[in-house]
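See below for the structure under consideration.
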Amino acid sequence: MSIDASSISVAMQGFADHLAANFTQDVTVTVDNPNAAAEQAKGSDKAVLNVFCYRISPSGIHPDLSPNEPTFVRAHVLLTAFSNATDASVKDKDLRVLGHAVRVLQSQPVIPTILPGGVPAPESSQYRLQAVLQATEMEEMNHIWSIQGSEMSYRLSVAYELALIPVEPLAYLPPPTPVESVVLDLGADAIPDTEIGPMPIAITAPNAPVNWLPFSMIRVGDALSSDVSVVSGTALVDLAISGPSGESVQVKVAWQRADGTPDTQVDQTAATAAISLDLDTPTAAVTLDSAASGDVATLIIRPDGANMPAGNTVRVVVT
1 MSIDASSISV AMQGFADHLA ANFTQDVTVT VDNPNAAAEQ AKGSDKAVLN VFCYRISPSG
61 IHPDLSPNEP TFVRAHVLLT AFSNATDASV KDKDLRVLGH AVRVLQSQPV IPTILPGGVP
121 APESSQYRLQ AVLQATEMEE MNHIWSIQGS EMSYRLSVAY ELALIPVEPL AYLPPPTPVE
181 SVVLDLGADA IPDTEIGPMP IAITAPNAPV NWLPFSMIRV GDALSSDVSV VSGTALVDLA
241 ISGPSGESVQ VKVAWQRADG TPDTQVDQTA ATAAISLDLD TPTAAVTLDS AASGDVATLI
301 IRPDGANMPA GNTVRVVVT
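Following this line, the structure appears as structure tokens:
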């Protein structure tokens, strides 16, 4: 099975193609390890300029990036010239090839290769690559050549950093939608010396579909609660809903069954009865389908209409 090209492989090949376009046909540009490039040059009348990627490093620390955004890496490469040792017509052929490569990158440091993302990405996800000359320490250069094998002796090379290479995520997730509404539930002692009592306040964004949100609680005996327990087989719960009096709302019952299976019921219609909730607020009967021990139901209440934001949620646990 073939392996798809990655942004790193595209960057390396684009860099090599840029160099090759600025040489005559007497020079072949390869992206390989030094041993393979040296072998290719032995039996050829052409010089070989090899691009050897020896290290990949991060572009930096970016704590604000999410897995849904591309990250960036830097590629460190060596440019090394190899020519046929039996060709005595030009004794400094390696230096000529290497010197011309440096001249090309000095004149054109931005590589004219577009690096697209590897997945369906935003149209703006097109990147350019820049070659930056590096002053590599001799200790690092000696180490690179020492691990090439006993038959490979040290050769003069030029080090470049290719930056920045994007690494796109495997899949783009759609960005979260802006918050349209919140419910601020203030207790009686939350803000002293104010006229705000124990009633919910719905806050919606200017472009929200409605300018109010329902707030609900379940009546159990002589109390109102947002989290109640009922026995297996319970068919109804009494839901008190606040909001502009007489407004229609939709109640969704979303189940998490005892075996972990999600389940939903057909939406039920109810109406708001008062601006604030108390024990005298009329309630609406909400049907529970097949309530069995271990099931958990979440009641989601929203204004009647398409794609309306929801108010708070309440929970029913079946014991």
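Numbering-wise (full-length UniProt numbering), the sequence shown opens with residue 1 and increments by one. Quick reminder that beta carbons are idealized off the backbone N, C-alpha and C, glycines included. Quantities reported herein were computed from a predicted structural model and do not represent experimental measurements.
Taking 8 Å as the upper bound for CB-CB distance, R257 and D295 are in contact here, some 5 Å apart. D32 and R128 have their C-alpha atoms some 23 Å from each other. Rounded to the nearest whole angstrom, the C-alpha separation of S7 and Q265 is 47 Å. Look at R257 here: in three-state DSSP terms it is coil, with no helix or strand label. If you ignore the 5 residues before and after A41, its C-beta comes within less than 8 Å of the C-beta of A47, V48, F82, S83 and N84, all in its own chain and listed in chain order. Counting along the chain, Q106 sits inside the alpha helix (DSSP H) bounded by residues K93 to S107.
Listed as beta-bridge partners of V317 by DSSP are S229 and V296. One thing to note: A291 has its Cβ no nearer than 8 Å to the Cβ of V251. Contact annotation: the stretch 106-115 touches the stretch 127-145, with at least three C-beta pairs closer than 8 Å. The shortest CA-to-CA distance from L213 to any of T272, E137, D267 and V10 is the one to T272.
Distance from L288 to A235 at the Cβ level is roughly 6 Å; contact confirmed, criterion being Cβ atoms closer than 8 Å. Between L19 and C53, the alpha-carbon positions lie close to 15 Å from each other.
Using a Cβ distance threshold of 8 Å, L299 and V286 count as a contacting pair. In the DSSP secondary-structure assignment, A131 is bridged to L162.
Bounds of any beta strand (DSSP E) do not take in H62, whose DSSP letter is neither H nor E.
Cβ-Cβ distances below 6 Å link V220 to V228 in the same chain, with the five nearest sequence neighbours on each side left out; the list follows chain order. Looking at the backbone, the Cα of L277 and that of A297 are separated by about 22 Å. Per the C-alpha coordinates, the member of P63, A270 and V10 positioned closest to D304 is A270. In this structure, the CA atom of S146 is about 21 Å from the CA atom of L95. By the criterion of a C-beta distance shorter than 7 Å, S225 is surrounded in its chain by M217 and I218, once the five residues flanking it on both sides are discounted. Within the same chain, and ignoring the five residues on either side of L65 in sequence, the residues whose Cβ sits closer than 8 Å to its Cβ are T71.
Within a 10 Å sphere around the beta-carbon of A306 sit fewer than 16 other beta-carbons, which makes this residue exposed. Each residue's CA atom was taken as its position, placing D45 and Q25 some 11 Å apart.
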